[in-house]
Amino acid sequence: MRNIVFGTDYYPEHWPRERWETDARMMREMGLDVVRMAEFSWAKMEPALGEFHFEWLDEAIAVLAKEGIVAVLGTPTAAPPAWICERDPEIEPMDENGQRLHFGGRHHDCQSNAAYREHCRRIVTAMAEHFKDNPNVVGWQIDNELGNSHDGLCFCPSCEARFREWLRARYGDIDSLNRAWGTAFWSQQYASFEQIHAPRRTVTGRNPSQALDWKRFTSDLVCDFSAFQVEILRRVTPDKFITHNMMGFAEKVDYRKLSEQYDFASHDQYPGGFFRPGEPDPAMGGAALDYIRSLKKAPFWLMEQQSAITGWQVLGRTPRPGQLGLWAAQTVAHGADTIVFFRWRSCAMGTEQYWHGILPHNGVPGRYHAELSAFIRRFKPLMEKTRGSMPRPETALLFSYDEAWAMGIQPHHPDLRYTGHLLTYYRALQKAHVPVDFVSAEEDYAGYRLLVAPLMYLMTPDLAARLRSFAEQGGTLVIDMRFGVKDGSNLAHTDVPLPGLAAEMCGMEITEFDCLRYGPVAVSWGSETYEGRLWADLIELKGAEALASYASEFYAGTPCVTRNRCGKGWVYYVGTEMDEPFADRLIAEAAASAGVAPLPFRMEGLECTLRQGDQGEFLFLLNHTDEAVSLPAEEGWRSALPDQGDVIPPYGAFVYTRA
800 MRNIVFGTDY
810 YPEHWPRERW
820 ETDARMMREM
830 GLDVVRMAEF
840 SWAKMEPALG
850 EFHFEWLDEA
860 IAVLAKEGIV
870 AVLGTPTAAP
880 PAWICERDPE
890 IEPMDENGQR
900 LHFGGRHHDC
910 QSNAAYREHC
920 RRIVTAMAEH
930 FKDNPNVVGW
940 QIDNELGNSH
950 DGLCFCPSCE
960 ARFREWLRAR
970 YGDIDSLNRA
980 WGTAFWSQQY
990 ASFEQIHAPR
1000 RTVTGRNPSQ
1010 ALDWKRFTSD
1020 LVCDFSAFQV
1030 EILRRVTPDK
1040 FITHNMMGFA
1050 EKVDYRKLSE
1060 QYDFASHDQY
1070 PGGFFRPGEP
1080 DPAMGGAALD
1090 YIRSLKKAPF
1100 WLMEQQSAIT
1110 GWQVLGRTPR
1120 PGQLGLWAAQ
1130 TVAHGADTIV
1140 FFRWRSCAMG
1150 TEQYWHGILP
1160 HNGVPGRYHA
1170 ELSAFIRRFK
1180 PLMEKTRGSM
1190 PRPETALLFS
1200 YDEAWAMGIQ
1210 PHHPDLRYTG
1220 HLLTYYRALQ
1230 KAHVPVDFVS
1240 AEEDYAGYRL
1250 LVAPLMYLMT
1260 PDLAARLRSF
1270 AEQGGTLVID
1280 MRFGVKDGSN
1290 LAHTDVPLPG
1300 LAAEMCGMEI
1310 TEFDCLRYGP
1320 VAVSWGSETY
1330 EGRLWADLIE
1340 LKGAEALASY
1350 ASEFYAGTPC
1360 VTRNRCGKGW
1370 VYYVGTEMDE
1380 PFADRLIAEA
1390 AASAGVAPLP
1400 FRMEGLECTL
1410 RQGDQGEFLF
1420 LLNHTDEAVS
1430 LPAEEGWRSA
1440 LPDQGDVIPP
1450 YGAFVYTRA
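Whatever position you read off the sequence shown (first residue = 1), add 799 for this note's numbering.
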């Protein structure tokens, strides 16, 4: 496949035919190589059952090809047309209150519905057959942001029937399910699988074990929905790649399972999204990119990179001068080989009229176009060299969908969020210039020196044994509050004191705990005082040493952070959610214990990442602030980009390579 570096998301059906050549020429002049198209074009491609019209798309692809631009086509299954919903109204999804959600948005579909699957099979097969020999169609995107748009997926009778099949396969018989779900509580026993329904809205409370299995089921259903499309495309168009645009830490679908189907992972990144509170968060952005890279331990595509101000009913902030290039540089720094900017031109119609593109509504280039054009000219030669290169972290953060789902069902503290808690550690690692991979609960942790496993609320004997083995063989393990409270079925462990299966390797026990509903607790570590938030485990030492202790509340003077020798390694336990200075201290201690070295040529206040490959090492320095930063001379490194001096400007990105 040709080297594809930059692209844009393009919707030719939104614009007059006479504009297409102008767009294609402007894209080529800007340095774009690829467009993504058609992921929301089902009604135009099939306006009636079996009546296919691909001629407009053929023409658009040909116009772009004349300018040297290739296409990735999206299967349009995220937006079934009105005639399908009218013909088969049962394909419209049902919410937890039993109400149908109707046509007029997107993802107005039940992905388990047999009739809808047949409609999808027909359009995907027709597209595959039509474009299989077109050399200018290089790949496919399955659907669009699977799992987006409706929180609980669908609670309709079709999904309930599929849920029962899933439960039969998982438990075998109804007695096993009753034990796993703890249905003796509130007289919830089932006599047969037929009595089980989707966890719709109840009078009060829900069975947390049923709710967790529903999350697992709906994730598997989405994976299955993708897989049946992938099978068609692999069979008909084996020479074209297949990917999907994922959404970082979105918790609807297990992206590790989903990504197994694809040739590479893709991601949508909006640091300045209108849906995000406050200023853009470099840690959130970096973590999402590292997570997507970690799915396949390989470089990825950025299928939707923010190119302008975002908005639906309300708008986000206008990106400051330099931020668009900085955000794109961050994606490259964390492992992206291709960046596709969303979108080419601001749309004049529909929900996303204020989700602006490279071009404004009038199609006349402005600041966004100028900044991104300059970024592409500056970075394209570099990305020819960084292609295929990867960061090589010695530190891993464990991210588990089961943990995220279980904590979402019972968050304990109203403000406790699984991903937000995990970012406490990521942010400290980023500030310390320690690169990170994300790993799952099922992976092998060999090769890492430091493993951080936050909020491991559900714990199985197998996972506990592998975590212990990691430490015993010389690794440094960091775990924290609520470790090992429940088993894999979301039932509380009753045979061991907290932290459950980790008590022995931690060298301590938790005798009580305090949900900090009325404010933080003070924590003393040496001469410094920090804040513990949301939760406090009360710890009794059983061989471990206390590194930090509570300094307020009735448990003042008792341990908060402990360390215990475990074989050749160490196990740290943190009994609270840390404020930033506290987390910085903990990570500095744990990284030193593990022998993890920070990146070279680092500067406080700058994000620093390193990609390594056949063409060398590439060190990225990213300034996410509105102030210029002076850089000291550093032997052994030379500029990898033009116009780099000894001062990195506000929202600037510098790259260095080994001299």
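Think of the CB as a built atom: it goes at the ideal place given N, C-alpha and C, for glycine as much as any other residue. In this text, all values refer to a predicted model and were calculated from it rather than measured experimentally.
Of the candidates 1147, 829 and 966, 966 places its Cα closest to the Cα of residue 976. About 16 Å separates the beta carbons of residue 1334 and residue 1353, which is beyond the 8 Å limit, so they are not a contact pair. Per the DSSP secondary-structure output, residue 1307 pairs in a beta bridge with 1340.
Separation of the CB atoms of residue 865 and residue 823 is rounded to 7 Å, and the pair is thereby assigned contact status at 8 Å.
For residue 1129 and residue 804, the gap between their C-alpha atoms comes out near 15 Å. Residue 1205 and residue 1017 have their C-alpha atoms roughly 14 Å apart. Residue burial is scored here from C-beta neighbours: residue 1202 has at least 16 other C-beta atoms within 10 angstroms and is therefore classed as buried. In the DSSP secondary-structure assignment, residue 850 is bridged to 847. Residue 939 sits in a strand when the DSSP states are folded into three classes. Between the region 1229-1236 and the region 976-992 there are fewer than three inter-stretch CB-CB distances shorter than 8 Å, so the stretches are not counted as touching. Three or more beta-carbon pairs drawn from the region 1342-1353 and the region 1320-1331 are found closer than 8 Å, and the two stretches are therefore classed as touching.
In this structure the region 1167-1181 does not touch the region 1248-1263; the number of beta carbon pairs closer than 8 Å is below three.
With respect to residue 1331, residue 1361 sits apart: the two C-beta atoms are not nearer than 8 Å.
Contact between the region 877-885 and the region 903-912 is established, with three or more Cβ pairs separated by less than 8 Å. When the Cα atoms are used, residue 1155 and residue 819 turn out to be separated by approximately 19 Å. Setting aside the 5 residues that flank it on each side, residue 916 has no residue in the same chain whose C-beta is closer than 6 Å to its C-beta. Look at residue 1390 here: in three-state DSSP terms it is helix. Relative to the Cα of residue 898, the nearest Cα in the group 1251, 945, 1280 and 999 belongs to 999.
Of all C-beta pairs linking the region 1050-1059 to the region 1067-1082, fewer than three are shorter than 8 Å, placing the two stretches out of contact. Beta-bridge analysis with DSSP links residue 1331 to 1320 and 1377. Between residue 1198 and residue 1089, the C-beta spacing is not below 8 Å. Residue range 819-829 is occupied by the alpha helix (DSSP H) that includes residue 821. Secondary structure at residue 1022: helix, using DSSP grouped into helix, strand and coil. Ranked by how close their Cα comes to the Cα of residue 1207, the residues 1184, 1416, 1254 and 825 have 1254 in first place.
When DSSP assignments are scanned along the region 1148-1220, the uninterrupted stretches of beta strand (DSSP E) that are 3 or more residues long and fall wholly within it turn out to be 1194-1197. Counting the other Cβ atoms within 10 Å of the Cβ of residue 991 gives fewer than 16, which makes it exposed. According to the DSSP assignment, residue 924 belongs to the alpha helix (DSSP H) that extends over 913-930. Looking from the CA of residue 1157, the closest CA among 1149, 1151, 1142 and 1146 belongs to 1142.
In the three-state reduction of the DSSP assignment, residue 1364 falls in the strand class, which pools E and B. Under the rule that a run must span 4 or more residues, the alpha helix (DSSP H) segments found entirely inside the region 1002-1074 read 1007-1035 and 1054-1058. Closest by C-alpha distance to residue 1408, out of 927, 1190 and 1065, is 1190. Going by DSSP, residue 1130 is part of the alpha helix (DSSP H) stretching over 1122-1132.
One thing to note: residue 1100 has its Cβ no nearer than 8 Å to the Cβ of residue 1067. Cβ neighbours of residue 1010 within its own chain (closer than 7 Å, five residues either side excluded): 998 and 1208. Of the candidates 1117, 1122, 1339 and 1015, the residue whose Cα lies closest to the Cα of residue 1200 is 1015.
Judged by DSSP secondary structure, residue 962 falls within the alpha helix (DSSP H) whose first and last residues are 956-970.
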